[in-house]
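Below is one structure, written out as structure tokens, with a few remarks after it.
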Amino acid sequence: MTNPNHETRSAVDVLIAGGGISALIAAAEIAAKGRRVAIYERQPREWLGGQCRDAFGGIFLVGSPEQRRVGIRDSFDLAWADWQGYAEFGPEDVHQMAWARKYIERCIPDVREWLIAHGLRFVPVANWAERAEHGRGNRVPRFHLLWGCGPGLVTAALRGVRRFEGGRIDLHCDHRVDELIIEGGAVTGVRGQGPAGPFEARAGHIVIAGGGRTGNLAKVRESWPRDVWGEPPRDLLAGVWPNLDGRLHDAAAAAGASLTHLENMWVYAAGVAHWQAEFDGHGLAIIPPKSALWMRADGSRFTPPILAGYDTREAVARITRSAHPWSWMVLNRDILAKEIAVQSARYNPAFRDHRIGRVAQDLLFGNTALAELLIRRSRDVVAAPTLPELAAKMTALTPDAPIDTAALVRDVGAYDAEIGRGRKLFTDPQLVSLRNIRAFLGDKVRTAPFKPIATGARSELVAIRLRPVVRKTLGGIETDEACRVVHPDGSVLPGLYAIGEAAGFGGGGMNGKRTLEGTLLGGCIFTARELATQLA
Ligand SMILES: Cc1cc2nc3c(=O)[nH]c(=O)nc-3n(C[C@H](O)[C@H](O)[C@H](O)COP(=O)(O)OP(=O)(O)OC[C@H]3O[C@@H](n4cnc5c(N)ncnc54)[C@H](O)[C@@H]3O)c2cc1C
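Position one of the sequence shown corresponds to residue -6 (the working numbering), numbered consecutively onward.
Have a look at this one:
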């Protein structure tokens, strides 16, 4: 029986399911090549741009002018070795590896130059995320922050879409795609729900650009890599929105697509409950201060210490496999103000609004506004003048796992005593690492001087309870190098394409098990542009 509300849309050349940053860039590039495109986005129009609307805006680049300016000599070989060490690809990861190689080779012309041509600019010095340790990670800084952050990139991409809107680009917001139409073995259209009821739409090429599936904690738990991280914590935080629920992954799988490595997720160890939560379990990922002490749930220090800024996946494993799946950072207000950052455009107004003076002020004097906000608004943060009082407040937050005050006092005291002996005598791995970190100017300006945390310090003490916060889906819908979705046997599934996070940022997981950071937005731009070239 025909549903009276059922609408059938006329065919366009390319139909994109999802309206995040990869969809917007792909649509504008495809339209610029003379073809007709329709975007179907489940959220209202203000959501166009997807997660990128709040992204920090760091892009992984190799051999950039920003690196050269500070004397960093990077190369394909160095980056490829770092990438492989982090990704831990298996022999079956042929498409994933091919995308990773291609990204490193072409990120300057295809990503950086595209951004520059669209009016965007980078902060002059590259940041050093996921620093190498024991030869694994970034051996040089490669995280290039955009002035304007994610919202700046969305504005630029929307400008491209608006040039063609109503002409070669049709935007259908509030339209959720639920399934793919298959005719004669090829994907020819989609079915879903729009504001007026069910709809059906067809096109020559169907593209999935629906982002990841980490907004769906049930699916996250299902795919959780128990061999690495143990059982998923009961009170996991979600760092992305519930509309990123994996519905399009399921639709692709139902049509015969290969889904690969969904167990590879990017989970941050340093999450706090969002104080402006938009949904239950909404978490905010903070960039953990490097000079804070990372403590177990009972307030004792991890041994060997967990160091902030290194292998995030390993940090998560150590925490989720400890007696309780959360941790604490213990520091003081001065360190917090100097080193705190949140991975969100909303909490980085100086970078988002391109206020160079404000950035300089924060670097020189610390971001006291953000530190205050965290102390005042986050229910995971407590402050007190002495360690025993701090311990009491920490225990009040987690009464089922009381703080061992003696251990807290002992471990903070031992660390402070080593700082007191002077930097030439450091043996503590964290202090040795900090000495090294401070040798790179880009990090030195963001790192507190060597001063005791508690002993004799006049700054109030602070403890932050940290829970794992799930952010990126590193695996995804497998594609070949032309963005064509493949079946599990490797043959092409005609008519279907995938880009962006839905495609694991390229091939179904070009990052493998870990990201060197900035490869996500970079991968979205790269796959979107590659698709446009393929469909031209
Ligand atoms: C706070 C934050 C900070 C970040 N910072 C960085 C950073 O600094 N560097 C970096 O590289 N990456 C960063 N990321 C990750 C990066 O922003 C994302 O990986 C990227 O934006 C994903 O883009 P996308 O277009 O593939 O998917 P998304 O942005 O997830 O967009 C997918 C869209 O598809 C829609 N959709 C989903 N299902 C359906 C359906 N069934 N029907 C119709 N529409 C559907 C969704 O509503 C959404 O709008 C950050 C992410 C967050 C949340």
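Ideal placement from N, C-alpha and C gives every residue a C-beta, glycine not left out. Being a predicted model, the structure only gives us computed values, none of them experimental.
Secondary-structure assignment with DSSP links N236 through no beta bridge to anything. Annotated three-state conformation of Y79 is helix, per DSSP. Here A196 is near G182, since their CB atoms are less than 8 Å apart. Taking 8 Å as the upper bound for CB-CB distance, A364 and R414 are not in contact here, some 28 Å apart. Rounded to the nearest angstrom, the gap between the Cα atoms of A194 and A31 is 9 Å. Secondary structure of G264 (DSSP, three-state): strand. Burial is judged here by how many other beta carbons sit within 10 angstroms of a residue's own beta carbon; I199 has at least 16 and is buried. Sixteen is the threshold: when 16 or more other Cβ atoms of the shown chains lie within 10 Å of the Cβ of N209, as they do, the residue is buried.
Your pair I23 and A525 checks out as a contact, with CB atoms roughly 5 Å apart and the cut at 8 Å.
H88 sits buried, since 16 or more C-beta atoms from the chains shown fall within 10 Å of its C-beta.
Between ligand 1 and N236, a heavy atom-to-CB distance of less than 7 Å is present.
With a threshold of 7 Å, the Cβ atom of R240 counts as near ligand 1, since some heavy atom of the ligand is closer than that. S68 sits exposed, since fewer than 16 C-beta atoms from the chains shown fall within 10 Å of its C-beta. Proximity of the region 469 to 481 to the region 55 to 75 falls short of the contact definition, fewer than three beta-carbon pairs being nearer than 8 Å. Nearest to T398 by C-alpha distance, out of L418, A290, A310 and A338, is A290. A direct Cα-to-Cα measurement between A278 and P318 gives close to 16 Å.
Around the beta carbon of S484, fewer than 16 other beta carbons lie within 10 angstroms, which makes this residue exposed. With fewer than 16 other beta carbons inside 10 angstroms of its own, E106 counts as exposed.
Non-local C-beta neighbours of H111 in its own chain, meaning closer than 6 Å and more than five positions away in sequence, comprise A149, ordered along the chain. Using a 10 angstroms sphere on the CB of V233, the tally of other CB atoms reaches 16 or more, which defines it as buried. Note that the region 74 to 92 touches the region 128 to 142; at least 3 beta-carbon pairs, one per stretch, sit closer than 8 Å. Residue nearest to A93 within the set V425, F519 and G51 is F519 (criterion: CA-CA distance). Here the C-alpha atom of G511 lies approximately 17 Å from the C-alpha atom of L71.
Cβ neighbours of D473 within its own chain (closer than 7 Å, five residues either side excluded): H88, V479 and V485. For H88, the three-state secondary structure derived from DSSP is helix. For I349 and E215, the gap between their C-alpha atoms comes out near 44 Å. Out of E176, S371, M258 and G469, the CA that lies nearest to the CA of T508 is found in M258. In the same chain as C517, and ignoring 5 residues on each side of it, the C-beta atoms closer than 6 Å to its own belong to I14, S15 and G493, in chain order.
Under the three-pair Cβ rule at 8 Å, the region 155 to 171 does not count as touching the region 366 to 385.
Cα atoms of L454 and A285: separation of roughly 11 Å, rounded to the nearest angstrom.
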